[in-house]
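Residue numbers (our numbering): 93 to 323. No residue lacks a Cβ here, since even glycine has one placed at the ideal position from N, Cα and C.
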Ligand code: ADP
Ligand code: ADP
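Put into structure tokens, the structure is as follows:
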């Protein structure tokens with residue numbers, strides 16, 4: 093699914109350059125559920141931006157679902173992003189003034205899915221996250237946990253190869269955070285591949301594998317021995 097080999101990222105600002113990733117090698121197989129951990133500044137966001145095709149590596153290889161990402165143009169990357177990747181963010185990133193249903197339909201509008209099909213897939217996705225009865229609500233009428241569930245539904249609708257989640261429980265209380273993790277576990281059981289950044293060991297304990305970064309390098313990569321199952 094994901095093959096990253098000796099990946100480097102150097103940020104240059106004038107005469108100052110920062111080596112944010114110093115040669116990371118990671119493989120993620122289909123149906124894995126991975127946490128990325130590490131202190132602030134260790135390169136997690138840089139890695140997620142590259143995984144999400146939002147940024148390109150300075151050196152090294154990145155293969156996603158058979159595509160050699162480092163060889164693609166920015167336009168081609170935008171297409172891959174929409175087709176192959178579902179994004180879930182800490183701050184949900186929903187449009188506040190439109191309905192839940194419309195928010196979930198948005199990625200399909202960009203992908204050119206016809207209206208009827210969009211509607212059907214959006215409803216299905218909202219039902220998968222337990223929000224089939226909230227399709228007409230606007231996001232400011234929903235709780236934080238419900239908003240994040242809308243965002244997860246939105247991440248699913250183009251049948252992505254991988255879901256990338258950046259601190260998805262970071263703005264939620266423990267109970268709502270656990271509900272979100274229960275949904276990710278359910279999706280993972282149904283076959284979804286998920287890579288998630290988290291600072292919290294309790295949240296990482298709900299995943300299957302933890303990759304730890306420090307100073308731009310992978311310093312640990314281990315399976316979670318007793319994954320805590322929710323739900
Ligand atoms: P199978 O095809 O039999 O399911 P996989 O090779 O896909 O076996 O992987 C089995 C499990 O091992 C996966 O669920 C995944 O969590 C874990 N795994 C796979 N690759 C790695 C790896 N490089 N490092 C750590 N764990 C891995
Ligand atoms: P994390 O997500 O683990 O906090 P980051 O990937 O954000 O780590 O940062 C890794 C390193 O790269 C840090 O030293 C950070 O200051 C630097 N960095 C991140 N983004 C930029 C940028 N756009 N320009 C310059 N330096 C950056």
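heavy atom of ligand 2 below 7 Å from residue i C-beta
{"i": "residue 110", "result": "yes"}
{"i": "residue 305", "result": "yes"}
{"i": "residue 106", "result": "no"}
{"i": "residue 154", "result": "no"}
{"i": "residue 136", "result": "yes"}
{"i": "residue 115", "result": "no"}
{"i": "residue 127", "result": "no"}
{"i": "residue 132", "result": "yes"}
{"i": "residue 202", "result": "no"}
Span of the beta strand (DSSP E), counted from its first residue to its last, around residue i
{"i": "residue 125", "result": "125–129"}
{"i": "residue 155", "result": "151–156"}
{"i": "residue 313", "result": "309–315"}
Nearest to residue i (by Cα), restricted to the options the options
{"i": "residue 101", "options": "305, 114 and 268", "result": "114"}
{"i": "residue 104", "options": "97, 308 and 112", "result": "112"}
{"i": "residue 231", "options": "187, 109 and 169", "result": "187"}
{"i": "residue 215", "options": "310, 204 and 195", "result": "195"}
{"i": "residue 170", "options": "148, 275 and 318", "result": "148"}
{"i": "residue 307", "options": "292, 226, 95 and 138", "result": "138"}
{"i": "residue 117", "options": "128, 99, 276 and 157", "result": "99"}
Residue interval of the alpha helix (DSSP H) (run including residue i)
{"i": "residue 276", "result": "266–281"}
Hey, is the stretch 290–300 in contact with the stretch 124–137, meaning 3+ C-beta pairs nearer than 8 Å? yes
Any contact between the stretch 266–280 and the stretch 233–250? By contact I mean 3 or more CB pairs, one from each, below 8 Å. yes
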